[in-house]
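Asker:
Number of protein chains: 2
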Amino acid sequence: MKGTWIFNNAPLITAGGAVGGKDEKNGPLAAYFDSFFADDVTQANSYEEAEGFFLSRAAQIALNKASLSSGDIDLFIAGDLMNQITSATYTAAYLNAPYLGIFSACATVCEALAMGGLAVASGKCQKVLVGSVSHNKSAERQFRYPNEYGSQKPPTCQKTATAAGALLLADKGQGIMLESVTVGRVVDYGINDPLNMGAAMAPAAADTICKHFSQTKTSPADYDLILSGDLGKMGRELLFDLLSSQGYGPDKQRLKDCGLLLYGEQKDAFCGGSGAGCIASVLAGYLCNLLQNRVVTRILVAATGALLSPNWVKQGNTIPCISHAVSLRVGDNNA
Amino acid sequence: MKGTWIFNNAPLITAGGAVGGKDEKNGPLAAYFDSFFADDVTQANSYEEAEGFFLSRAAQIALNKASLSSGDIDLFIAGDLMNQITSATYTAAYLNAPYLGIFSACATVCEALAMGGLAVASGKCQKVLVGSVSHNKSAERQFRYPNEYGSQKPPTCQKTATAAGALLLADKGQGIMLESVTVGRVVDYGINDPLNMGAAMAPAAADTICKHFSQTKTSPADYDLILSGDLGKMGRELLFDLLSSQGYGPDKQRLKDCGLLLYGEQKDAFCGGSGAGCIASVLAGYLCNLLQNRVVTRILVAATGALLSPNWVKQGNTIPCISHAVSLRVGDNNA
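Protein chains in written order, with this note's numbering: chain A, 883 to 1217; chain B, 883 to 1217.
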């Protein structure tokens, strides 16, 4: 069963931290965030440094909720969108814990949960902190145009969230069960437009979600919600069509996208939110809340990453994409 | 025991692939490489694309030696030095296997072995392919200066290898035992010169190696060789001093550096080789050969990564470093 790992002794998500910026504070999920920075720079010297502040704060909040210090952590797994994942490294230095850096663009948080889940389920670690972050301003200037250009955007584009999410995985306690993960493969349908990522990523999401259903012998009806993150409006439609064509068409109301949830009808979000911090903060805040309060009891979260390299695209190549999925369930493996 | 995982049922390295360029072919380890490309571009359209060719070939060689196809692989874990780890992604697309992308600069191959070892030891995977690559020309222009400048280099600098290494981890068969891994933390001594990486990385190597000895209750005398990768001449001296000051001073003859091994006395290598493909190719070729032929029976390999971000350094910050170590031993866990 290549790609899917079912954890019979499921690792537990025992705490989460969700941090946003001012646009996230004005969005429909504001009540589920733990903390906001008042502005994009947060007293840092640069947007890139500010991004590190976001992830560090999310990590610290998750630790605080679990009444732990960073010295209690066996492992920190994180990544972000910056070249050389500087924000993750910054936070790893802050935590001073054993650290594995990863890169999977906006699919990072699910890759981190897959690896962290494995570390806990194997018994090698008791407490693993995972996290991911993105910053609108640092992402825009790295992947698209200098912020000062004020360039026009097409309606297909998405808005990179200025947000971070961190989740604490533990081998015991009260929490949400990480019952299985499905690791995706690279899928490339030939899209080369960094302003149309939803179309690029939808096939990767469909590939991983169908594999998950097949390998875990589940179907869409087994999940209260199936979440992508982040495909936006157009990508969600594509995903629905692709799943339906594979015989896994879900009840459309249950197919949600974290990028659409984060900003709702905010006009400047275009097709919806995106960025490694979008799904991470929505998961650590809103989705964990829904599960903790048993509004839903089982969800499938498929994070989608456009492994976009500006240099690679300039050299005439396309945008390879990937999606990793995690299945979360209410309960407690020691119950 | 935070950071060290001892595998009682040790995953086995059953095959490796080492690929180099023309300078590696002229180096003292040439006999241990499986394949060379005749030039830096390898019929690719760019140095960056060529880098993908190197890793793909190393991966294919490891698979061929094990008489496997990429469809037999449960998981591919890889990374490289390029922004958005494009060469690893390229190879993941070529293999079409479940893929976890990682970033740990030149420490990548040991991070991959740590994660891959966990995946195999946990029973979730039977066969995991890991790999790492670097390319001198693509690294120079991303991290330092355009190649066309022909800029002068100081004697402290190292030469990024144009090389790739891939290793196949399996749960059974004949191979080298991955008996334990030690995951490092970020160490930053305030170096900000990308032409003096050995000095930046030596403290991280010392931190991880001392932790490994302490947590596994071993000492330098328990290992036939202790290898860093890649600190170069000056970094190796610093590492020796740092280990000695912690009471773990090894027999100096047994403290080797993969960057020094790769190029020997080649003058244009300055302090020695470096790059994510240097230690990966030396490990997959030369070191695996020493173990297979029982020239040595137990070695500690501490890969060192300078998590150098050009933007981060331009913004006035320093170079955070990390080292991950793996302990390898001859034998077979099913013997």
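Every residue, glycine too, gets a C-beta built ideally from N, C-alpha and C.
#1: How would you label E933 (chain A), buried or exposed, when you count the other beta carbons within 10 angstroms and need 16 or more for buried?
#2: For the pair the stretch 1099-1110 of chain A and the stretch 1182-1196 of chain A, tell me if three or more CB-CB distances fall below 8 Å.
#3: Just checking my contact of S1156 (chain B) with M1079 (chain B) at CB under 8 Å: how many whole Å lie between their CB atoms?
#4: Beta strand (DSSP E) containing A1045 (chain A): first to last residue?
#5: Leaving out five residues on either side along the sequence, give the residues of the same chain with a beta carbon under 6 Å from the beta carbon of T896 (chain B).
#6: My output table needs one value for N1216 (chain B): the three-state DSSP class, helix, strand or coil.
#7: Is N965 (chain B) close to the ligand FAD? I mean its beta-carbon at under 7 Å from any heavy atom of the ligand.
#8: Can you check whether the C-beta of E1030 (chain B) is within less than 8 Å of a C-beta belonging to chain A?
#9: Under 8 Å by Cβ, that's how I've got Q1148 (chain A) and E931 (chain B) pegged, so tell me the actual separation to the nearest angstrom.
#10: Would you report the Cα separation of T971 (chain A) and E993 (chain A), rounded to the nearest angstrom?
#11: Which chain B residues are close to P980 (chain A), counting only those with a beta carbon under 7 Å from its beta carbon?
#12: Hey, could you find the ends of the beta strand (DSSP E) F1025 (chain A) is sitting in?
#13: Secondary structure at E1061 (chain B), three-state DSSP: helix, strand or coil?
#14: Just the C-alpha distance for Q966 (chain A) and S1191 (chain B), rounded to the nearest angstrom, thanks.
#15: Between the alpha carbons of A1217 (chain A) and L894 (chain A), how many angstroms are there, rounded?
#16: Using DSSP with H/G/I as helix, E/B as strand and the rest coil, what is V991 (chain B)?
#17: For A1188 (chain B), write down the residues that DSSP places opposite it in a beta bridge.
#18: What are the boundary residues of the alpha helix (DSSP H) that includes L977 (chain A)?
#19: If we ignore side chains and look at the alpha-carbon of each, how far apart do F889 (chain B) and E1061 (chain B) end up?
#20: Anything in chain A within Cβ reach of A975 (chain B), meaning under 9 Å, just list it in chain order.
#21: Using a Cβ-Cβ distance under 8 Å, would G1111 (chain A) count as near chain B?
#22: Could you check if Q925 (chain A) is buried or exposed, using at least 16 other CB atoms within 10 Å of its CB as the buried criterion?
#23: E1061 (chain B) touches chain A at which residues, Cβ-Cβ below 9 Å?
#24: Are the stretch 950-969 of chain A and the stretch 1006-1017 of chain A touching by the rule of at least three beta carbon pairs closer than 8 Å?
#25: Along chain A, in chain order, which residues have C-beta atoms closer than 7 Å to that of G983 (chain B)?
#26: How would you label Q1135 (chain A), buried or exposed, when you count the other beta carbons within 10 angstroms and need 16 or more for buried?
#27: Is A1217 (chain B) close to chain A? Criterion is C-beta to C-beta, closer than 8 Å.
#28: Measure the C-alpha to C-alpha separation of V923 (chain A) and V1164 (chain A) and round it to an integer number of angstroms.
#29: By the three-class DSSP mapping on this structure, what secondary structure does V1068 (chain A) have?
#30: Could you tell me whether the Cβ atoms of D921 (chain B) and V901 (chain B) are closer together than 8 Å?
#31: Looking at the unbroken beta strand (DSSP E) that takes in I943 (chain B), where does it start and where does it end?
#32: Quick one: grab the DSSP three-state call for I955 (chain A).
#33: To the nearest angstrom, report how far apart H1017 (chain A) and A1043 (chain A) are at their CA atoms.
#34: Whose C-alpha, out of A:M997, A:G885, A:G1032 and A:T990, is nearest the C-alpha of D1150 (chain A)?
#35: Which ranges does the beta strand (DSSP E) cover as unbroken runs of at least 3 residues, wholly within the stretch 1124-1153 of chain A, from first to last along the chain?
#36: Shortest alpha-carbon distance to A1245 (chain B) belongs to which of B:G998, B:Y1130 and B:K1093?
Answerer: So, to answer that:
#1: buried
#2: Yes, the stretch 1099-1110 of chain A touches the stretch 1182-1196 of chain A.
#3: 6 Å
#4: Unbroken beta strand (DSSP E) run through A1045 (chain A): A1045 to A1052.
#5: A948, L1050, A1052, G1055 and G1057
#6: With a pLDDT of 47 at N1216 (chain B), under the threshold of 50, the predicted position of this residue should be treated as unreliable, and no value is reported.
#7: With respect to the ligand FAD, the structure shown offers nothing to examine, as it has no ligands at all.
#8: Closer than 8 Å to the CB of E1030 (chain B) there is not a single CB belonging to chain A.
#9: Actually they are not in contact, since the Cβ atoms of Q1148 (chain A) and E931 (chain B) sit about 39 Å apart, beyond 8 Å.
#10: 17 Å
#11: K884, G885, V1065, G1066 and R1067
#12: Segment N1018 to F1025 is the alpha helix (DSSP H) holding F1025 (chain A); no beta strand (DSSP E) there.
#13: strand
#14: 6 Å
#15: Since pLDDT at A1217 (chain A) reaches only 42, below the 50 mark, its modelled position is unreliable, and no value is offered.
#16: helix
#17: B:C1203
#18: T968 to L977
#19: F889 (chain B) and E1061 (chain B): Cα-Cα distance of roughly 5 Å.
#20: Identification of chain A residues near A975 (chain B) by a Cβ-Cβ cut-off of 9 Å yields R1067, V1068, V1069, D1070 and P1202, ordered along the chain.
#21: no
#22: exposed
#23: By Cβ distance, chain A contributes nothing, its closest Cβ being about 14 Å from E1061 (chain B), past 9 Å.
#24: A contact is defined here as three or more CB-CB pairs under 8 Å, and the stretch 950-969 of chain A meets this definition with respect to the stretch 1006-1017 of chain A.
#25: What G983 (chain B) touches in chain A: I984, F985 and S986.
#26: Its Cβ having fewer than 16 others within 10 Å, Q1135 (chain A) is exposed.
#27: Caution applies to A1217 (chain B), whose pLDDT of 42 falls short of 50 and renders its modelled position unreliable; the model cannot decide the point.
#28: 21 Å
#29: V1068 (chain A) falls in the coil class under three-state DSSP.
#30: no
#31: Not the beta strand (DSSP E): I943 (chain B) falls in the alpha helix (DSSP H), residues Y929 to K947.
#32: coil
#33: Cα to Cα, H1017 (chain A) sits roughly 6 Å from A1043 (chain A).
#34: A:G1032
#35: 1137-1139
#36: Look at the range of chain B in this structure, 883 to 1217, and you will see that residue 1245 (chain B) is not part of it.
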